[in-house]
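Read through the structure below, which is laid out as structure tokens, and then see the notes.
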Amino acid sequence: MSIKAKLWSIIFFIFIGATVAQISLYFTGKHIEEKIVSLDKAYHQNESLHKLFEEILTLKNAYSTILIDPSNSFAKNKMYLSAYQYIKSHENLIKDQNLKNLLDKFIQFTYEAVQNITPQNQQQYMQQSINFQLTVWQPFRQGFNKVLKESESLFKQKESDTLNYIRSAGIKLMISSLMALLVAIATFFVEKDIQSNINKLINVIQNITKSMRFDYLKTNKPELKGEFKDILDSLSKMLNEVDFSMNQIENVARNIARGNFQSRIDERELDGDLKTIAKAINESLSNFDSVFHRINDTLSEVAKGNLSVRIDSSNLEGDLKIIVDNMNKSLEKLNLIVNDIKNTLEGLAMGDMSVKIKEFAVGDMEKTQKLINDYIALIRSSMEALRKIMESSIMAGQ
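Residues in the sequence shown are numbered consecutively from 46, following the working numbering.
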């Protein structure tokens with residue numbers, strides 16, 4: 046798998062894992078919230094119905110107490126009226142209209158009785174109460190008990206549903222966590238594989254840098270895959286070309302050290318800058334070889350006594366041109382000195398004792414020039430002395 050594919054797989058896994066986890070958490074949380082709200086509503090509904098039933102029982106008990114003792118003000122003012130107000134404000138909790146009508150009849154009957162009962166009419170209300178128990182209270186009690194049971198059953202059902210959903214949501218969250226863990230594990234191993242290959246490449250480059258051995262990968266090439274293998278193969282190819290070039294340059298340098306300027310670098314296996322460098326070295330060697338051939342040919346002519354030869358420096362540059370120009374100047378100077386010596390000796394041979402070498406020379410040529418001039422001066426002095434002796438002899442003979 047290539048580096049790009051591995052990186053894309055990491056991004057894909059992270060994106061999928063994060064998306065799945067986020068969606069799962071969002072909908073799970075939303076559904077749990079809805080379930081809890083519904084359960085809470087059912088709970089309060091059930092609690093409110095029980096509270097309403099308690100207040101209805103309180104109202105009935107207060108009514109029964111007042112029937113027995115019409116002078117009981119606590120039962121009338123505290124118990125009954127308090128329960129009456131609560132029931133009137135909460136009777137809308139009863140959704141069954143028939144049941145609500147029974148409750149209204151019961152409240153209306155008891156309220157009238159509580160407000161109007163006296164010891165004189167007590168028996169009358171007690172008799173009416175017995176009939177009312179049978180016709181209103183008992184049907185209401187039976188219907189309300191049924192409502193309470195249904196409310197409790199609904200609450201328990203919602204509680205069970207909520208608990209079951211929370212359990213299933215826990216399983217879903219566990220699965221999401223497992224997926225996230227799998228993504229993390231996959232990411233870890235992919236990153237570890239990439240890091241391992243990178244470390245191998247770094248180790249190879251560091252060893253090459255330390256040893257400066259361009260043939261290092263020929264014997265120490267690690268096993269890599271994908272694009273890392275392509276990178277290593279490219280590096281190996283580059284190092285092989287550099288190693289080949291360095292060996293060629295070394296061989297050429299050894300030949301130059303032995304005086305052989307005919308050796309050249311093989312450019313056919315090289316590319317890019319290495320080929321450019323090889324061409325430059327070969328061109329330099331060709332220039333050196335050409336110049337040395339010219340110098341050799343010139344010196345051969347000089348050895349034959351031809352001091353008029355010169356080296357052509359018109360197509361030369363840099364130090365080579367300076368060397369050739371200096372050599373031409375030396376040959377020119379040598380030619381002048383030799384011609385001066387030749388002319389001086391020719392004049393001496395013709396009897397001209399006034400001649401001498403006039404061309405300025407240095408080094409060994411200066412010594413030669415001085416010896417010849419001293420020799421000419423000695424001959425001239427000897428000839429002058431001889432002339433004087435001869436003149437004295439002639440005068441003495443006369």
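Glycine included, every Cβ here is placed at the ideal spot set by N, Cα and C.
Beta-carbon gap between residue i and residue j smaller than 8 Å
i, j, result
"PHE154", "VAL181", "yes"
"TYR210", "LYS105", "no"
"LYS145", "ILE139", "yes"
"ILE301", "ASN327", "no"
"PHE200", "ALA87", "yes"
"GLN167", "PRO115", "yes"
"GLU27", "LEU148", "Nothing about residue 27 can be reported from this structure: the residues present for the chain run from 46 to 443 only."
"ILE276", "LEU319", "no"
"GLU312", "ALA325", "no"
"THR73", "LYS217", "yes"
"ASP141", "GLY188", "yes"
"LYS91", "SER213", "Note that residue 91 corresponds to Asn in the displayed sequence, not to Lys. No. Outside cutoff."
"PHE259", "MET219", "no"
Cα-Cα separation, residue i to residue j
i, j, result
"SER359", "ILE340", "14 Å"
"HIS95", "PHE185", "14 Å"
"SER256", "TYR71", "59 Å"
"SER279", "GLU346", "55 Å"
"LEU227", "GLN251", "35 Å"
"GLU295", "VAL287", "12 Å"
"PHE289", "ASP334", "23 Å"
"ASP316", "SER375", "44 Å"
"PHE57", "THR64", "10 Å"
"SER109", "SER198", "31 Å"
"SER93", "SER222", "41 Å"
"GLN67", "HIS89", "32 Å"
"ASN248", "LYS75", "53 Å"
"LEU444", "ILE253", "The requested residue 444 does not occur in the structure, where the chain is confined to residues 46 to 443."
"ASN332", "GLY304", "14 Å"
"LEU102", "THR207", "33 Å"
"ILE113", "ASN190", "27 Å"
"LEU61", "PRO267", "Sequence check: residue 61 is Ile here, not Leu. If you take the alpha carbons of ILE61 and PRO267, they lie about 35 Å apart."
"ASN351", "GLU377", "11 Å"
"ASP364", "LEU379", "22 Å"
"ALA441", "ALA430", "16 Å"
"HIS338", "ALA348", "15 Å"
"GLN169", "TYR156", "15 Å"
"GLU100", "GLN183", "16 Å"
"VAL82", "SER127", "31 Å"
"GLY271", "ILE239", "10 Å"
"GLN202", "MET224", "32 Å"
"PRO164", "ILE175", "17 Å"
Supposed contact pair residue j and residue i - C-beta distance, whole angstroms, cut 8 Å
i, j, result
"MET372", "ILE382", "The Cβ separation is near 15 Å, so there is no contact."
"ILE417", "ILE386", "6 Å"
"ILE152", "TYR129", "7 Å"
"VAL336", "VAL297", "Not really, about 17 Å apart at Cβ, beyond 8 Å."
"LEU262", "SER281", "4 Å"
"PHE273", "ASN244", "Actually they do not touch by this definition, with Cβ atoms about 11 Å apart."
Close Cβ partners of residue i (< 8 Å) along its chain, the five nearest in sequence each way excluded
i, result
"ILE111", "ASN117, ALA120, LYS121, TYR125, ALA158, VAL159 and ILE162"
"VAL400", "ASN388, THR389, GLY392, LEU393 and ILE421"
"LEU330", "VAL297, ILE301, PHE306, SER308 and ARG309"
"GLN293", "ILE310, ASP311 and ALA323"
"LEU361", "ASN332, VAL336 and VAL369"
"ASN143", "GLY188"
Spatial neighbours of residue i in its chain, beta-carbon cut-off 7 Å, leaving aside the 5 residues before and after
i, result
"GLU204", "LEU84"
"SER438", "none"
"LYS123", "none"
"PHE98", "PHE189 and LEU193"
"MET171", "LEU112"
"ALA150", "Per the sequence presented here, residue 150 reads as Lys, with Ala not at that position. Only VAL181 meet the Cβ criterion."
Nonlocal neighbours in the same chain, by C-beta distance under 6 Å from residue i, ignoring five residues either side
i, result
"VAL354", "THR343 and GLU346"
"ALA107", "ALA120, MET124 and TYR125"
"THR413", "none"
heavy atom of the ligand ZN below 7 Å from residue i C-beta
i, result
"THR155", "With respect to the ligand ZN, the structure offers nothing, as it holds no ligand at all."
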